[in-house]
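Enquirer: These protein sequence lines are chains A and B, in that order.
Numbering that gives the first Met the number 0 puts the first sequence at residues 0 to 221.
Numbering that gives the first Met the number 0 puts the second sequence at residues 0 to 237.
Beta carbons are placed, not taken as given, at the ideal position from N, Cα and C, and that holds for glycine.
All of these numbers come straight from a predicted model, not from anything done at the bench.
Structure in structure tokens, see below.
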Amino acid sequence: MNDILEKLAQCVEFGKINKASPYPPNMKDQDGADELAKRALEEGVKPDEILENALVPAMSRVGDKFTRKEIYVPQMLMAAKAMNSAMAHLKPFFQSGETKRKGKFIVGTVSGDLHDIGKNLVAMMIEGGGWEVIDLGVDVGTEKFLKALDENPDAVVGLSALLTTTMENMKKTVTAIKEKHAGSKILIGGAPVTMEYCEKIGADFYSPDPQGAVNYLKQLVS
Amino acid sequence: MTNSTFQIDYKDLNINVSQIEEILGYNEGEDREIFKVLIEEVLKETESFCQIRAEYNICTDLVFNNAEKSVDINGINFQIKKIVFDQLKNTDSVAVFLCTAGEELGIRTRKAMKDGDLLTGYIYDVAGSVIVDAAADFMQNELELSVNLSGKKITNRYSPGYCGWYVAEQHKLFQLVPDNYCGIRLTESALMDPVKSISGIIGIGANVKMNPYTCGLCEMKNCVYRKKKEIRDKSATV
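Rendered as structure tokens:
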């Protein structure tokens, strides 16, 4: 791998946002993901190479370490922030269509539920997996999910819930989506959710951790 | 019913960095200085705005149903299920309680997250959980001191959503307290607003006991309290 991409991947993996960022302590005063992504583009590295050969593998390593409990939410958030600082330099290329992402992912916390940290973590990891994320926020009713799918019919949908009461609203949303967009893939997650519940309500996939969701999406486009 | 209200001073809860770190998670030998600085900043800010309240109502009209593993409190039936039933069956009254760390913590969490400051937002969220848990401990200690005067003891506190007690029973619990009790509103989906709030019941009686740890009885494998215990155990064995 190109040296600069290797360094960029390291910055993302260990959460080094920019030169001014004091985290992680062993990378203090070094360039971070922000400077390295900018420099890579200036040196002629293609944006999709930056995405595919640095950001995506780095976030994949972060997700795997989180799954194995080698790191915790704070380290994951720092990695996501570093990824975002690099991604900001790629945004113009996404907008112009020069760089394509793997697909679109619509995500939201279901109706009646205001919890968003788990949903945000999944959204960040999926964005780091090379997908465009359409985050509908919290307390999202079925109609809003359907509208987003009408506008983005090829998108995969992610539903989050933290309460057993709001988890029931997943069923309504899944049923409505499958009725109107039969081919749409739906993955669900949240503390009370299980694979058994996923199968019961007709969703396509359940993951107890963000990387499982990333791997599922990866498998859909492979 | 006997009602007690507490406006709790943040300082009285003795919140410290290590309590937050315990939930954030960390590996042994890891340099935590950067997170520590941020946690200290968040806690300093939090102290300036959080409004901590707790209230409890003591209800004495109890009818236990062993076959159903339920209890009627003031004529309202609660399907508390086996784990909670077994802990409460010898009580002669219960304290129905609510505690909150206030609304501002949720606002700060959402704002920080929206502004892209994800870690700060997350630390506010965790701080809210730690504070409201400490507030519930404070209220529980006060209750214990009060009932000890009459030679009685208390059980652990139990909340809808834990130990098999269905979270939708929050609606019934809120029927036992006045509207806007403790400044907490319940949504249709049984979510408390402010989010950083706890509700539940504590058993009172001469023949009840406090269990040091009940997570082993519960089926919620991802619960934050179980994780805290696991981290403590891990630290203790290193």
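#1: Under 9 Å between C-beta atoms, does K37 of chain A make it to chain B?
#2: For chain B, is any of its Cβ atoms less than 9 Å away from the one on T172 of chain A?
#3: Quick check on G128 of chain A: does DSSP put it in helix, strand or coil?
#4: Of the residues B:P177, B:F84, B:A189 and B:V176, which one's Cα is nearest the Cα of C154 of chain B?
#5: My output table needs one value for I82 of chain B: the three-state DSSP class, helix, strand or coil.
#6: Does Y165 of chain B get closer than 9 Å to chain A when you measure Cβ to Cβ?
#7: Between which two residues does the alpha helix (DSSP H) holding Y196 of chain A run?
#8: Checking contacts by CB at 9 Å: is A133 of chain B closer than that to chain A?
#9: Closest Cβ-Cβ distance between P23 of chain A and chain B: below 9 Å?
#10: Which full runs of the alpha helix (DSSP H) of 4+ residues lie inside the stretch 77-158 of chain A, going along the chain?
#11: Go ahead and pull the three-state DSSP assignment for R156 of chain B.
#12: Let me know the secondary structure DSSP gives A235 of chain B once reduced to three states.
#13: Can V192 of chain A and A160 of chain A be called in contact, C-beta distance under 9 Å?
#14: Could you check which residue in A:S84, A:L113 and A:K90 has the C-alpha nearest to that of G115 of chain B?
#15: Quick one: any contact between the stretch 10-28 of chain B and the stretch 145-154 of chain A, if contact means 3 or more CB pairs under 8 Å?
#16: From A:I16, A:I187 and A:N1, pick the residue whose C-alpha is nearest to that of T108 of chain A; which is it?
#17: What residues in its chain sit with their C-beta under 8 Å from that of E41 of chain A, if we drop five residues either side in the sequence?
#18: Taking 9 Å as the threshold (C-beta atoms), are G157 of chain A and D200 of chain A in contact?
#19: Name the DSSP beta bridge partners of L185 of chain B, please?
#20: Are the beta-carbon atoms of D91 of chain B and T59 of chain B separated by less than 9 Å?
#21: If you reduce the DSSP assignment to three classes, tell me which class Q174 of chain B lands in.
#22: Does the distance from the C-beta atom of L190 of chain B to that of Y121 of chain B stay below 9 Å?
#23: Quick one: which residues of the stretch 21-54 of chain B get their C-beta closer than 8 Å to a C-beta of chain A? List them in chain order.
#24: Which of the three DSSP states is assigned to R67 of chain A in this structure?
#25: Leaving out five residues before and five after D149 of chain A in sequence, what residues of the same chain have Cβ atoms less than 6 Å from its Cβ?
#26: If contacts are defined as beta-carbon pairs under 8 Å, then A135 of chain B and I197 of chain B qualify, I think. What distance do you get, rounded to the angstrom?
#27: Which residues in the same chain have their Cβ closer than 7 Å to the Cβ of A235 of chain B, if we skip the five residues on either side of it in sequence?
#28: Could you tell me if G31 of chain A is buried or exposed, where buried requires 16 or more neighbouring beta carbons within 10 angstroms of its beta carbon?
#29: Reducing DSSP to helix, strand and coil, say where T163 of chain A ends up.
#30: What's the gap between the Cα of A202 of chain A and the Cα of L35 of chain A?
Expert: According to the structure shown:
#1: Residue 37 of chain A sits at position 38 when you count from the first residue of the first sequence. Closer than 9 Å: no.
#2: For this step, residue 172 of chain A is matched to residue 173 along the first sequence. No - not a single Cβ of chain B is within 9 Å of the one on T172 of chain A.
#3: Your numbering for residue 128 of chain A matches position 129 in the first sequence. Coil, per DSSP.
#4: As a position in the second sequence, residue 154 of chain B is number 155, starting the count at 1. First, the amino acid is wrong: residue 154 of chain B is Thr here, not Cys. Residue B:F84 is the option with its Cα nearest to T154 of chain B.
#5: Locating residue 82 of chain B in the second sequence gives position 83, counting from the first residue. In this structure, I82 of chain B counts as helix in the three-state DSSP scheme.
#6: Against the second sequence, residue 165 of chain B aligns to sequence position 166. True, the Cβ-Cβ gap to chain A drops below 9 Å.
#7: Numbered from 1 along the first sequence, position 197 holds the residue referred to as residue 196 of chain A. First-last of the alpha helix (DSSP H) with Y196 of chain A: M194 to I200.
#8: Here residue 133 of chain B is taken as the residue at index 134 of the second sequence, counted from 1. No - not a single Cβ of chain A is within 9 Å of the one on A133 of chain B.
#9: Within the first sequence, the letter at position 24 stands for residue 23 of chain A. Answer yes: the Cβ-Cβ gap between P23 of chain A and chain B drops below 9 Å somewhere.
#10: 116-127 and 141-150
#11: Reading the second sequence from its first residue, position 157 is the one you call residue 156 of chain B. R156 of chain B: strand per DSSP, three-state reduction.
#12: Translated into the one-based positions of the second sequence, residue 235 of chain B becomes position 236. Residue placement at A235 of chain B is flagged as unreliable, the pLDDT there being 46, under the threshold of 50; a coordinate-derived value is accordingly withheld.
#13: In the first sequence, residue 192 of chain A corresponds to position 193, counting from 1. In the first sequence, residue 160 of chain A corresponds to position 161, counting from 1. Yes; because the gap between Cβ atoms is below 9 Å, this pair is in contact.
#14: As a working mapping, residue 115 of chain B is identified with position 116 in the second sequence. The candidate whose alpha carbon is nearest that of G115 of chain B is A:S84.
#15: no
#16: Here residue 108 of chain A refers to the residue found at position 109 when the first sequence is read from its first residue. It is A:I187.
#17: Here residue 41 of chain A refers to the residue found at position 42 when the first sequence is read from its first residue. The answer is none, since no qualifying residue turns up.
#18: Position 201 of the first sequence, counting from 1, holds the residue named residue 200 of chain A. Position 158 of the first sequence, counting from 1, holds the residue named residue 157 of chain A. The question names Asp, but residue 200 of chain A is Ile in the sequence shown. Cβ atoms of I200 of chain A and G157 of chain A: not closer than 9 Å.
#19: One-based indexing of the second sequence puts residue 185 of chain B at position 186. DSSP output for L185 of chain B lists B:M191 as bridge partner(s).
#20: For the purposes of this step, residue 91 of chain B is taken as residue 92 along the second sequence, with counting starting at 1. For the purposes of this step, residue 59 of chain B is taken as residue 60 along the second sequence, with counting starting at 1. Yes; because the gap between Cβ atoms is below 9 Å, this pair is in contact.
#21: Here residue 174 of chain B refers to the residue found at position 175 of the second sequence. It is coil, neither helix nor strand.
#22: Your numbering for residue 190 of chain B matches position 191 in the second sequence. Your numbering for residue 121 of chain B matches position 122 in the second sequence. The answer is no: Cβ separation not under 9 Å.
#23: L23, G24, Y25, N26, D30, E32, I33 and F34
#24: As a first step, residue 67 of chain A is located in the first sequence; it is residue number 68 there, counting from the start. Coil.
#25: As a first step, residue 149 of chain A is located in the first sequence; it is residue number 150 there, counting from the start. Cβ neighbours of D149 of chain A beyond the five flanking positions: none.
#26: Here the question's residue 135 of chain B lines up with position 136 in the second sequence. Here the question's residue 197 of chain B lines up with position 198 in the second sequence. About 5 Å; that satisfies the 8 Å criterion.
#27: If you number the second sequence from 1, residue 235 of chain B lands on position 236. With a pLDDT of 46 at A235 of chain B, under the threshold of 50, the modelled position of that residue is not reliable, and no figure is offered here.
#28: Position 32 of the first sequence, counted from the first residue, corresponds to residue 31 of chain A. G31 of chain A should be labelled buried.
#29: In the first sequence, the residue the question calls residue 163 of chain A occupies position 164. T163 of chain A falls in the helix class under three-state DSSP.
#30: On the first sequence, position 203 is the one that residue 202 of chain A refers to. On the first sequence, position 36 is the one that residue 35 of chain A refers to. Going by the C-alpha atoms only, they are around 40 Å apart.
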